[in-house]
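Q: Here my numbering is used: the sequence shown runs in plain steps of one and ends on residue 587. Below: one structure in structure tokens.
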Amino acid sequence: MMNAISLALTYPRGGAVLAPPPWVPDPDRYMPAATRTRWPTGATATPWTFPAGLNYQCTKLFFGSPDYPTNDFLIPFVGFALTEGGNAPQETQSPNADTVIDEAFFVMPNGTEYPILFGGLVPATVTAATGIVYGQVMLPVALPAWSIFGVRTVYHGAEGAQRCGSYRIQRHRGEKYWGAADLASVQALAAANGASTAALDPDSLYNTIGNATNSQIQAYGPALVLAKGWDGRPVPLVVGDSLIERQEIAASADERGNMGMIRRWLDQRDPVWGSTVPLVMGVPGEHNEFELATNATKRWVMLDAIKTTFNGGKDIWTFCLDQGGRNDNNTTLSLWQSRKFGLDDRIIARYPGAHMVGMTILPTMAGSSDSGRTVAGYSATSALWNPVTGTLASMNASLIASSRFAKTIDIVPAFMSDSDPTKGSAAELTPLGNVIGHPGNQDGVTTWDTMRLPNTTKLGARIMFEYQPGLWTSRTLVDRTDLGDGTANYRVAEVLATNVQDNAAFLGHAYTAADFVHPALYGVLRFVSRLPQSHKAKFYP
47 MMNAISLALT YPRGGAVLAP PPWVPDPDRY MPAATRTRWP TGATATPWTF
97 PAGLNYQCTK LFFGSPDYPT NDFLIPFVGF ALTEGGNAPQ ETQSPNADTV
147 IDEAFFVMPN GTEYPILFGG LVPATVTAAT GIVYGQVMLP VALPAWSIFG
197 VRTVYHGAEG AQRCGSYRIQ RHRGEKYWGA ADLASVQALA AANGASTAAL
247 DPDSLYNTIG NATNSQIQAY GPALVLAKGW DGRPVPLVVG DSLIERQEIA
297 ASADERGNMG MIRRWLDQRD PVWGSTVPLV MGVPGEHNEF ELATNATKRW
347 VMLDAIKTTF NGGKDIWTFC LDQGGRNDNN TTLSLWQSRK FGLDDRIIAR
397 YPGAHMVGMT ILPTMAGSSD SGRTVAGYSA TSALWNPVTG TLASMNASLI
447 ASSRFAKTID IVPAFMSDSD PTKGSAAELT PLGNVIGHPG NQDGVTTWDT
497 MRLPNTTKLG ARIMFEYQPG LWTSRTLVDR TDLGDGTANY RVAEVLATNV
547 QDNAAFLGHA YTAADFVHPA LYGVLRFVSR LPQSHKAKFY P
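Here it is as structure tokens:
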């Protein structure tokens with residue numbers, strides 16, 4: 047059976063493929079069916095805990111479905127957690143106490159809820175460090191293609207007990223996080239569907255990253271959402287690092303919950319190559335050298351168990367996409383190569399014949415004389431990170447040449463500036479207009495947290511603006527109220543008393559911080575728009 051895209055286009059004789067090969071549907075095979083899914087993770091500090099008086103909790107999370115209808119869902123919840131940074135993705139941040147799922151529901155686009163059952167029952171106990179429970183729901187009607195659906199989970203543990211954390215609530219998408227001292231009380235909060243519980247979603251930490259004490263709280267939810275109905279399109283098993291997602295936190299998520307360079311690019315609904323919902327194995331800070339090695343196998347064992355128990359011996363993915371390797375960097379090329387490629391060798395050994403697709407590694411800027419405002423302001427990249435002459439250039443060349451990969455995608459040009467191939471994107475490449483009037487009362491003493499901007503400005507963006515002639519400063523936009531006249535009031539995370547000139551010009555930052563590691567929202571969007579969707583042709587053997 048040919049998909050509609052393939053029917054519309056043809057293969058030229060003796061020429062390049064203009065369309066993907068026919069998709070061969072397998073509607074009885076569980077495959078990834080939700081954007082935004084995330085493994086539980088924790089910093090190398092104290093894991094998340096159930097606070098006193100809030101040890102019964104409920105999350106309502108929203109996901110995007112694939113571009114085909116689905117109705118039979120398999121939804122695993124796990125009791126183990128991975129580290130972020132350090133030795134990530136080792137599964138050593140697991141809680142020391144079990145979590146009980148009191149009830150869980152599949153939320154349709156119209157708000158109708160259907161119970162998710164675990165072996166036909168609820169509640170279900172998720173054993174600390176080792177537990178996996180499989181929720182299932184059969185919808186009476188198919189969830190339409192390209193829908194937004196939810197999973198609402200009510201769970202509890204003992205006060206002060208450790209727990210897993212997976213998701214930072216995306217407020218602008220209607221996600222909620224409630225807590226109470228007992229089941230009836232948290233159920234009442236969920237039924238009322240009011241604001242999240244203040245102590246669990248504090249404004250002061252919204253859209254911030256840190257450890258368990260100085261970060262937006264991570265709430266519990268499903269590790270994966272799988273469904274039957276697959277139409278045969280390629281499905282990537284993605285191993286990688288924070289460039290998949292972590293450069294964004296919560297406020298900048300798109301309408302389908304996507305954050306980051308790779309998730310956003312994969313989910314593009316391209317008219318020729320389509321979109322694909324990935325199975326993301328990577329987490330922030332991940333090293334290829336640690337993945338699928340000591341203390342980092344529980345996720346892989348779970349995938350193989352699903353393959354055997356639920357999928358009749360068929361994997362829940364069709365090819366492997368390796369975006370990782372950046373955190374394995376070393377000035378000694380051979381050491382960097384062994385760390386990077388060791389994972390690919392382990393995957394090939396575990397899954398003989400796997401179709402492997404590699405991605406090149408992005409550089410880091412050495413510094414900037416103007417906080418990333420101009421390309422010219424960047425310091426020359428170091429001998430390690432220079433993508434043209436440095437160790438990175440040799441690493442990327444060896445990646446492209448490696449026989450481990452059937453195909454490779456060179457992502458470096460999509461992010462770099464056009465004026466200098468050794469320097470990344472800068473804010474000057476994304477002019478956004480002018481601030482409307484000026485924020486605050488202009489005394490330079492009284493702090494302000496709201497600025498009026500054109501309503502085309504992206505929520506969650508980091509922007510810089512010329513607060514006085516020749517002087518620039520930055521803010522992060524975390525909430526928005528549209529004023530109905532082409533402008534909106536944006537609340538900012540950084541509350542300062544900056545005296546701002548009228549109608550200051552402003553730009554979209556390319557990076558999240560002065561370390562020039564992670565792209566900010568406008569840098570991400572620029573990258574996604576510049577990386578050709580035709581690279582998806584490489585997903586096919």
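Glycine is no exception: its CB is placed at the ideal position from the N, C-alpha and C atoms.
For V421, which of V434, K469, F451, F387 has the nearest alpha-carbon?
A: The shortest Cα separation from V421 among V434, K469, F451, F387 belongs to K469.
Q: Can you find the residues in the same chain that come closer than 7 angstroms, C-beta to C-beta, to G532, ignoring five residues on each side of it along the sequence?
A: For G532, where only same-chain residues beyond five positions count, the Cβ hits under 7 angstroms are P500, N501.
Q: Go to W518, then tell me how far its beta strand (DSSP E) extends in each direction, as first and last residue.
A: Note, W518: beta strand (DSSP E), 517-528.
Q: Tell whether a beta-carbon distance below 8 angstroms holds between Y160 and V197.
A: Against a cut-off of 8 angstroms, the Cβ pair of V197 and Y160 comes out as no contact.
Q: Count Cβ pairs between the segment 506-522 and the segment 381-392 that sit closer than 8 angstroms; are there 3 or more?
A: Too few Cβ pairs lie closer than 8 angstroms, so no.
Q: For L189, does the count of other Cβ atoms within 10 angstroms reach 16, so buried, or fall short, so exposed?
A: The residue is buried, with at least 16 neighbouring Cβ atoms inside 10 Å.
Q: What are the uninterrupted segments assigned as alpha helix (DSSP H) that are 4 or more residues long and contained completely in the segment 142-168, given in chain order?
A: You should have found no qualifying run.
Q: Among residues of its own chain, excluding the 5 on either side of G423, which ones have a beta-carbon nearer than 6 angstroms to its beta-carbon?
A: For G423, where only same-chain residues beyond five positions count, the Cβ hits under 6 angstroms are S414, S415, D416.
Q: How is the alpha helix (DSSP H) around T355 delimited, first residue to last?
A: That run of the alpha helix (DSSP H) goes 344-355.
Q: On the DSSP letters alone, give me the boundaries of the alpha helix (DSSP H) that Q233 sits inside.
A: Unbroken alpha helix (DSSP H) run through Q233: 229-238.
Q: Run through DSSP, which three-state label would M47 get?
A: With a pLDDT of only 34 at M47, under 50, the local geometry of the prediction cannot be trusted, and the value read off the model is given with reservation. Note: M47 maps to coil in three-state DSSP.
Q: Just the Cα atoms here: how many angstroms apart are F195 and F108?
A: Whole-angstrom Cα-Cα distance: 6 angstroms.
Q: Could you give the uninterrupted runs of the beta strand (DSSP E) lying entirely in the segment 387-446, keeping only those of 3 residues or more?
A: Qualifying beta strand (DSSP E) stretches, in chain order: 402-405.
Q: To the nearest angstrom, report how far apart A539 and P71 are at their CA atoms.
A: The alpha-carbon atoms of A539 and P71 are separated by roughly 46 angstroms.
Q: Report the partner residues of P86 according to the DSSP bridge assignment.
A: None; P86 has no bridge partner.
Q: Exposed or buried, which one is P155 when buried takes at least 16 other CB atoms within 10 Å?
A: So P155 ends up on the exposed side.
Q: Hey, how far is the Cα of A507 from the Cα of L567?
A: Spanning the two alpha carbons is a distance of roughly 5 angstroms.
Q: In terms of alpha-carbon separation, which member of G206, R498, R214, A174 lies closest to F96?
A: Among G206, R498, R214, A174, the Cα nearest to that of F96 is on G206.
Q: Any contact between the segment 72-83 and the segment 354-365? By contact I mean 3 or more CB pairs, one from each, below 8 angstroms.
A: Segments in contact, yes.
Q: Residues in its own chain within less than 6 angstroms of L529 by CB, not counting five upstream and five downstream?
A: None.
Q: Note down the Cα distance separating P68 from T81, rounded to an integer number of angstroms.
A: P68 and T81: Cα-Cα distance of roughly 24 angstroms.
Q: Could you give the DSSP three-state label for M184: helix, strand or coil?
A: Strand at M184.
Q: For N535 and I482, what's the separation of their Cα atoms in angstroms?
A: If you take the alpha carbons of N535 and I482, they lie about 10 angstroms apart.
Q: Put L478 into one of helix, strand or coil per three-state DSSP.
A: L478 falls in the strand class under three-state DSSP.
Q: What are the complete beta strand (DSSP E) segments, minimum 3 residues, inside the segment 76-136?
A: Taking only runs of at least 3 residues, the beta strand (DSSP E) segments lying wholly in the segment 76-136 are 102-110, 116-124.
Q: Using a Cβ-Cβ cut-off of 7 angstroms (strictly less than) and excluding sequence neighbours within five positions of L577, which residues of its own chain qualify?
A: Once the five neighbours on either side are set aside, the close Cβ partners of L577 are W311, I457, A460.
Q: How long is the line joining the alpha carbons of L53 and Y586, rounded to whole angstroms?
A: Residue confidence is low: L53 scores 35 on pLDDT, short of 50, so the model does not pin down where it sits. Its coordinate-derived value is still stated next. About 17 angstroms.
Q: I need the straight-line Cα distance from T377 to S448, nearest angstrom please.
A: If I take the Cα positions, the gap works out to 19 angstroms.
Q: Given this structure, state the Cα-to-Cα distance separating M441 from G370, to the nearest angstrom.
A: For M441 and G370, the distance between alpha carbons rounds to 12 angstroms.
Q: At a cut-off of 7 angstroms, would you count P155 as near the ligand FMN, judging by its Cβ distance to the nearest heavy atom?
A: As far as ligands go, the structure on display features none, and thus does not contain the ligand FMN.
Q: Are D316 and R302 closer than 8 angstroms when you measure CB to CB?
A: No, Cβ-Cβ distance for D316 and R302 is not below 8 angstroms.
Q: If we count Cβ pairs, one from each stretch, closer than 8 angstroms, do we get three or more for the segment 321-334 versus the segment 269-287?
A: Touching, yes, given that three or more Cβ pairs across the two stretches are closer than 8 angstroms.
Q: With distances taken Cα to Cα, identify the nearest neighbour of L272 among I352, T493, Q262.
A: Comparing Cα positions, the closest option is I352.
Q: Contact between the segment 267-282 and the segment 335-343: three or more CB pairs below 8 angstroms?
A: With the cut-off at 8 angstroms, the segment 267-282 and the segment 335-343 do not touch.
Q: Where V574 and G320 are concerned, what is the direct C-alpha to C-alpha distance, given to the nearest angstrom?
A: Between V574 and G320, the C-alpha separation is close to 15 angstroms.
Q: Can you give the Cα-Cα distance for A258 and P93, rounded to whole angstroms?
A: Distance between the alpha carbons of A258 and P93 is about 6 angstroms.
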